[in-house]
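Below you'll find the structure, written out as structure tokens, and then a few comments.
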């Protein structure tokens, strides 16, 4: 049974804070293990990566196996059905069309003093995209990572995907091909992150690593941050559905189940102004779960992490949504635009009764790599800007330098950096 | 003596790689110490912050002293000279005018299928800006952090500044007042980062922490990343000057000294096509250093970390610049625009003979919090976007959901997420 809260009850604040602070991942002490793996990969390169991969993924690879050959990619891709191929192409095309609009423009101008100021965007040279393997395969995540990188102008797009037991999804390989990935390595875990960050004989070093992963991958990303850029430290996925009496309980139940079936701590929360809807949704979740082929994970997730919260008004719902700062927020309302401006912290917002979160996972066009674990308070979903960086340009002529001299030299003196002031004055003393 | 390299010599590549990989900071094993400090602040709040502050900063504070009162800020501000006040105001106004142009615009549109897609930007609610104290005071860093935060619409802008021996710079307090800082805490080190990230009785919790700091601050930022956002893990400052025969050796020398006087591993590198200029600059650095009031730090930095590299062409200089990916790049050339497009990795570029890097530190208008330690390969200087986040909006109607159904359900099945597919189909089965 999910937790049930009512904002009118006297212990609500306490229960809500407990819900917010609840741990959804086993807090694993993996930092030391990961540090040792990174040190090993830096020292021994391919030898370490091969050993660790064979140990954790139960494979029998040599260094020559680490990078998947173009021939293997082509052979595997050819096995994918036309239906799946078309679906991947649709996802690719829609994600590309939307992300194209994120491309920034340079801006260079001269101000009234004659100083030229500019902002120039350039792509990162090489990026690594981590795609989890194992229980499930995620071709959609390949597209969500590679398409914005390609649009940004990244030259090398490397994919790391673990292949437990040596199995690799043909659909993942086809997705990589469609999305413009330039290299695919069958490696995972902290050893994959270390190899991408520092390079080995076989694995080309990249400048930035993005994508979700387990606790080892997250710890490794944290430790290599600085050596390379990273997108975020990802946690379990989550959805918050805000619904009023206009919502269809069966549809809401389906969305809550869709989130819970990710497992691994994924969380589904319903906030509603209608107690009747809350009851009906809970009953519907039970009913639909019993019809789901792989119901165990979803049921366990719903029972352990699910929550149903009744509130007095949509304003109250929006206030709670901002405190939860959920990765996904659904507004299951006839007129979602009314409360949209009040929801300030969310990775993505899905508006109206006909926008289930799952449509955004695949073919909506927006990115599905989104901030989790309340990080929508400060972070954004993956996009083109994650694969670019901004350089400032500044140009003075003698007149504008002279006009700025006094203020600059005064501040340099305050900061006891005389050499700074002198580097300005020396150009004007003549 | 700085290291001298010539790109034509047979061992150049080896020496250059050694220069790139050289450690400029004592590699301190501070991770465990910092973890203990963070845990202590989380557990004991103000008590821990007060104890740690008094221990490290040699003060005698109680919890009531941690936050600087508006009266103290006003009193201190009143003591600042009119000249310094005017210089701060100039810096503020120019930084504000430039950063205003970085404000993003929302973009919401409907595609051919009738799907509404949107990108909406909102400010972070509360940010913390760390400003180093101690040897020097940095009012300019207060402005560089707070102005873009204020422009972004951040409601709470908290400043943390350590006050060794209880001393605080009146200019820092005035800068904070001018820039719109809402709270100032006299705390530093890992305890300041922990207090901002988790909150204490006195220190308000923030959502993101930015600004430079020492090894303890950097380690603390790395450890709290996820709980809050951070800008980067900062290292020592650095400049790369690219000059040809048109450059004035005395001016270049002054710029190299200005960088070296930061100390703490700051690095100055000259890359030039003219051996004669290289010699003249080295001689000028010696001469000017002997005239600098506080020459010890600058001389030590130049001797230990400085480098002069002669190359055959400006193309070669640009290629080296991209490998160095320096925080600051000066193009001391008559026509810097010729090689500007070839310099892809740099925090900021200063163009022409009359744009010393120091002008950008104070009153150029661009930000001086820039990526260090080769991170310009993937990171940007501080700006308005660092204080905002992007939420995706998605809205389907029955027709567009129906149009996308097949591709989405197909991909959900490939990923073994049946519940995802069902959440789409259930809305269309009627």
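Residue numbers (our numbering), protein chains in the order written: chain A, 153 to 582; chain B, 153 to 582. Note that beta-carbon positions come from the ideal geometry of N, C-alpha and C, so glycine has one too.
Q. Pairing CB atoms from the stretch 478–493 of chain A with CB atoms from the stretch 536–554 of chain A, are three or more of them under 8 Å?
A. Short answer: they don't touch.
**Q.** Chain-ordered neighbours of residue 235 of chain A on chain B, where CB pairs are closer than 7 Å
**A.** Counted from its first residue, the first chain places residue 235 of chain A at position 83. Listed by position along chain B, the residues whose Cβ is nearer than 7 Å to that of residue 235 of chain A are 562.
(Q) Distance check for residue 410 of chain A and residue 444 of chain A, CA to CA, integer angstroms please. (A) Mapped onto the first chain, residue 444 of chain A falls at position 292. Mapped onto the first chain, residue 410 of chain A falls at position 258. Cα-Cα distance, rounded: 10 Å.
Q: Pull up the CB-CB distance for residue 198 of chain A and residue 215 of chain A, whole angstroms please, since I reckon it's below 8 Å.
A: For this step, residue 198 of chain A is matched to residue 46 along the first chain. For this step, residue 215 of chain A is matched to residue 63 along the first chain. Between residue 215 of chain A and residue 198 of chain A the Cβ distance is about 4 Å, and since that is below 8 Å, they are a contact.
Q. Ordered along the chain, which non-local residues of its own chain (more than five positions away) have a Cβ less than 8 Å from that of residue 155 of chain B?
A. Counting from 1 along the second chain, the entry for residue 155 of chain B is found at position 3. Excluding residues within five positions, the ones whose Cβ falls inside 8 Å are 167, 171, 458, 459, 460.
Q.
For residue 213 of chain B and residue 206 of chain B, I'd like the C-alpha separation in whole angstroms.
A. As a position in the second chain, residue 213 of chain B is number 61, starting the count at 1. As a position in the second chain, residue 206 of chain B is number 54, starting the count at 1. Between the alpha carbons of residue 213 of chain B and residue 206 of chain B lies a distance of about 6 Å.
Q) At what residues does the beta strand (DSSP E) containing residue 175 of chain B begin and finish? A) The residue labelled residue 175 of chain B in the question sits at position 23 within the second chain. No beta strand (DSSP E) contains residue 175 of chain B, which DSSP labels as neither H nor E.
Q) Thinking C-alpha only, which one of B/223, B/350, B/495, B/250 is nearest residue 279 of chain B? A) As a first step, residue 279 of chain B must be located in the second chain, where it is residue number 127. With respect to the C-alpha of residue 279 of chain B, the residue from B/223, B/350, B/495, B/250 having the closest C-alpha is B/350.
Q) With a CB to CB cut of under 6 Å and the five nearest residues on each side skipped, what residues in its chain are close to residue 342 of chain B? A) Against the second chain, residue 342 of chain B aligns to sequence position 190. Excluding sequence neighbours, residue 342 of chain B sits near 186, 189, 368, 372.
Q) Under 9 Å between C-beta atoms, does residue 351 of chain B make it to chain A? A) Taking the first residue of the second chain as position 1, residue 351 of chain B is located at position 199. So no, residue 351 of chain B is outside the interface.
Q: Kindly list the residues whose CB is nearer than 7 Å to the CB of residue 449 of chain B, restricted to its own chain and excluding five residues on each side of it in sequence; keep chain order.
A: Indexing the second chain from 1 puts residue 449 of chain B at position 297. Here the set comprises 413, 415.
Q | Span separating the alpha-carbon of residue 176 of chain A from that of residue 479 of chain A | A | For the purposes of this step, residue 176 of chain A is taken as the residue at position 24 of the first chain. For the purposes of this step, residue 479 of chain A is taken as the residue at position 327 of the first chain. Taking C-alpha positions only, residue 176 of chain A is separated from residue 479 of chain A by approximately 14 Å.
(Q) Which same chain residues end up closer than 7 Å to residue 229 of chain A when comparing Cβ atoms and leaving out the 5 residues on each side of it in sequence? (A) Position 77 of the first chain, counting from 1, holds the residue named residue 229 of chain A. Cβ within range, chain order: 322, 325, 326, 329.
Q: Could you tell me whether any Cβ in chain B is nearer than 9 Å to the Cβ of residue 368 of chain A?
A: For the purposes of this step, residue 368 of chain A is taken as the residue at position 216 of the first chain. With a threshold of 9 Å between beta carbons, residue 368 of chain A makes no contact with chain B.
Q.
With a threshold of 9 Å between beta-carbons, can residue 158 of chain A be considered close to chain B, or not?
A. Walking along the first chain from the start, residue 158 of chain A turns up at place 6. It does not: the Cβ of residue 158 of chain A has no partner Cβ on chain B nearer than 9 Å.
Q) Going along chain B in order, which residues have a C-beta closer than 8 Å to the C-beta of residue 359 of chain A? A) Mapped onto the first chain, residue 359 of chain A falls at position 207. Using a Cβ-Cβ cut-off of 8 Å, residue 359 of chain A is close to 529, 530 of chain B, given in chain order.
Q: With DSSP collapsed to three states, give me the class of residue 396 of chain A.
A: The residue given as residue 396 of chain A occupies position 244 in the first chain. If DSSP states are grouped into helix, strand and coil, residue 396 of chain A belongs with coil.
Q) What three-state label does DSSP hand residue 167 of chain B in the structure shown? A) Against the second chain, residue 167 of chain B aligns to sequence position 15. Here residue 167 of chain B sits in helix by DSSP.
Q: Would you kindly check if the distance between the Cβ of residue 375 of chain A and the Cβ of residue 402 of chain A is under 9 Å?
A: Translated into positions along the first chain, residue 402 of chain A becomes position 250. Translated into positions along the first chain, residue 375 of chain A becomes position 223. The criterion of a C-beta distance shorter than 9 Å is not satisfied by residue 402 of chain A and residue 375 of chain A.
Q: If I'm right that residue 463 of chain B touches residue 425 of chain B with Cβ under 8 Å, what's the distance once you round it to whole angstroms?
A: The count along the second chain starts at 1 and reaches residue 463 of chain B at position 311. The count along the second chain starts at 1 and reaches residue 425 of chain B at position 273. Your pair residue 463 of chain B and residue 425 of chain B checks out as a contact, with CB atoms roughly 6 Å apart and the cut at 8 Å.
Q. Is residue 568 of chain A helix, strand or coil when you go by DSSP?
A. The count along the first chain starts at 1 and reaches residue 568 of chain A at position 416. In this structure, residue 568 of chain A counts as coil in the three-state DSSP scheme.
Q.
So for residue 337 of chain B, helix, strand or coil by DSSP?
A. Mapped onto the second chain, residue 337 of chain B falls at position 185. Residue 337 of chain B: strand per DSSP, three-state reduction.
Q: Could you tell me which residues DSSP pairs with residue 158 of chain B in its beta bridges?
A: Residue numbering aside, residue 158 of chain B sits at position 6 when the second chain is read from its first letter. In DSSP, residue 158 of chain B forms a bridge with B/462.
Q) According to a CB-to-CB cut-off of less than 7 Å, which residues of the stretch 461–495 of chain A neighbour chain B? A) If the cut-off is 7 Å between Cβ atoms, the stretch 461–495 of chain A has nothing near chain B.
Q) Which runs of the alpha helix (DSSP H) fall wholly inside the stretch 412–469 of chain A and span at least 4 residues, in chain order? A) Correct list: 427–443, 447–457.
Q) Could you check where the alpha helix (DSSP H) with residue 329 of chain B kicks off and where it finishes? A) On the second chain, residue 329 of chain B is found 177 positions in, with the first residue counted as 1. That run of the alpha helix (DSSP H) goes 322–331.
**Q.** Residues that residue 377 of chain B bridges to, as DSSP identifies them
**A.** Position 225 of the second chain, counting from 1, holds the residue named residue 377 of chain B. Per DSSP, B/380.
Q: Give the straight-line distance between the Cα atoms of residue 472 of chain A and residue 320 of chain A, rounded to the nearest whole angstrom.
A: By one-based count along the first chain, residue 472 of chain A stands at place 320. By one-based count along the first chain, residue 320 of chain A stands at place 168. A straight-line Cα-Cα distance of about 42 Å links residue 472 of chain A and residue 320 of chain A.
Q | Sequence ranges, alpha helix (DSSP H) only - wholly within the stretch 266–318 of chain B, length at least 4 | A | Here the runs fully enclosed are 291–304.
Q) Where DSSP assigns a beta bridge to residue 543 of chain A, which residues make up the other side? A) Start at 1 with the first residue of the first chain, and residue 543 of chain A comes out as number 391. A/272.
Q: Along the beta strand (DSSP E) that carries residue 491 of chain A, what are the first and last residues, could you check?
A: As a working mapping, residue 491 of chain A is identified with position 339 in the first chain. Note, residue 491 of chain A: premise wrong, no beta strand (DSSP E); not H, not E.
Q) Quick one, which residues of the stretch 565–581 of chain A are near chain B if we go by CB-CB under 8 Å, in chain order? A) When CB distances to chain B are screened at a threshold of 8 Å, the residues of the stretch 565–581 of chain A falling below it are 566, 567, 568, 569, 570, 571, 572, 573, 574, 575, 576, 578, 579, in chain order.
Q: Inspect the beta-carbon positions of residue 592 of chain B and residue 567 of chain A and report whether they are closer than 9 Å.
A: Outside the shown range of chain B (153 to 582) lies residue 592 of chain B, about which nothing can therefore be said.
Q | Cα-Cα separation between residue 639 of chain B and residue 451 of chain A, rounded to whole angstroms | A | For chain B, the structure presents residues 153 to 582; residue 639 of chain B sits outside this window and is missing.
(Q) By alpha-carbon positions, which one of A/316, A/303, A/294, A/304 ends up nearest to residue 310 of chain A? (A) Sequence index remark: in the first chain, residue 310 of chain A carries index 158 (1-based). Among A/316, A/303, A/294, A/304, the Cα nearest to that of residue 310 of chain A is on A/294.
(Q) I need the boundaries of the alpha helix (DSSP H) containing residue 203 of chain A, first residue and last residue. (A) Sequence index remark: in the first chain, residue 203 of chain A carries index 51 (1-based). Here the alpha helix (DSSP H) through residue 203 of chain A covers 198–209.
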